[in-house]
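Colleague: Counting in my numbering, the sequence shown runs from 6 upward without gaps. I have a structure here, written as C-alpha cells, and I will follow up with some questions on it.
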Amino acid sequence: MFKNKKEHFIFILMICTTMVFIMSCYNIAISEGFSLNIFKHAIMGFPLAFVYALIGDIFIVGKIVKFISSKILKPNDSMAKVGICMSFFTGCGMVIWMSLFGVVTNIGLSSNFIYAYIIAMFTNFIFAIPLNLLVVSPLMRFLFFKLFPPITHIDTQRKAI
Numbered sequence: 006m007f008k009n010k011k012e013h014f015i016f017i018l019m020i021c022t023t024m025v026f027i028m029s030c031y032n033i034a035i036s037e038g039f040s041l042n043i044f045k046h047a048i049m050g051f052p053l054a055f056v057y058a059l060i061g062d063i064f065i066v067g068k069i070v071k072f073i074s075s076k077i078l079k080p081n082d083s084m085a086k087v088g089i090c091m092s093f094f095t096g097c098g099m100v101i102w103m104s105l106f107g108v109v110t111n112i113g114l115s116s117n118f119i120y121a122y123i124i125a126m127f128t129n130f131i132f133a134i135p136l137n138l139l140v141v142s143p144l145m146r147f148l149f150f151k152l153f154p155p156i157t158h159i160d161t162q163r164k165a166i
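In C-alpha cells form, the structure reads like this:
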C-alpha cells in the first residue's frame, strides 16, 4: 500500500486527524451533552490532542502493532486482511493511549483516576473501534488511493511500512 515512509506518514496524518477530531466530539458530547459547543471545544483541544496522538501512533502504538501484526499475518495474506488487522490493533492501542490523555487532561491524577481511566477506555473502545474499522479507515484508504495509487505486491508493501 505504501511505496515509502512519506506515504505512510501521510496516511497516518489522515487517519489521526480524522479520528482525533471525531473522538474529541464524541467525548465532549458524553461529558457535556449535545450542543453547538461540541465543535468549538473539539477545535480548541485539537492541537494538543493531535500532537499527543501522532506521537503515540508513530513511536509507541505503531511499533507495537507492527510487531503484533508480523506474528499474525503471513506473506500471502490479502491487502484487506492486512488493512483490517493493522486498523484493529492500531485502534485498540490508540484507545488505551488517548483515553489516558483524556483522563489526565480532564480530571488529572485524582483519587478516582484508575476508575475514570477504565471507564474512558470502555466508552472509547465501543465507539472508536467500529468507527475506525467501518468508516474512517475505509474512507481514508479510498482517499489515500486516489492520491497515491496502491502497489500490488504485498512483500514490497510490508518492506515500505
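Ideal Cβ positions, reconstructed from N, Cα and C, are used throughout, including at glycine.
Name the residue from F147, E37, N32 and S40 whose alpha carbon lies nearest to the alpha carbon of M19.
Modeller: The residue with the shortest Cα to Cα distance from M19 is F147.
Colleague: What do you get for V56, buried or exposed, if any count of 16 or more other CB atoms within 10 angstroms of its CB means buried?
Modeller: So V56 counts as exposed.
Colleague: In terms of residues, what are the limits of the alpha helix (DSSP H) holding L148?
Modeller: Counting along the chain, the alpha helix (DSSP H) containing L148 begins and ends at S142 to L152.
Colleague: Under a Cβ-count criterion, where at least 16 other Cβ atoms within 10 Å of its own Cβ denotes burial, should V140 be classed as buried or exposed?
Modeller: By the 10 Å Cβ count, V140 comes out exposed.
Colleague: Give the DSSP-derived three-state secondary structure of N9 in the structure shown.
Modeller: Three-state result, N9: coil.
Colleague: Candidates L105, L114 and L144: which alpha carbon is nearest I123's?
Modeller: Comparing Cα positions, the closest option is L105.
Colleague: Mind pulling the beta strand (DSSP E) runs of 3 or more residues that sit fully within the segment 63–88?
Modeller: Within the segment 63–88, no complete beta strand (DSSP E) run reaches 3 residues.
Colleague: Please report the Cβ distance between D62 and I131, rounded to the nearest whole angstrom; I am assuming they are in contact, meaning their Cβ atoms lie under 8 angstroms.
Modeller: About 20 angstroms separates the two Cβ atoms, so there is no contact after all.
Colleague: Would you call the CB atoms of S29 and G50 closer than 8 angstroms?
Modeller: Yes.
Colleague: Going by alpha carbons, who is nearest to N137 out of S92, L78, I60 and I69?
Modeller: N137 has its Cα closest to that of S92, out of S92, L78, I60 and I69.
Colleague: Can you tell me whether S116 is helix, strand or coil according to DSSP?
Modeller: Coil, per DSSP.
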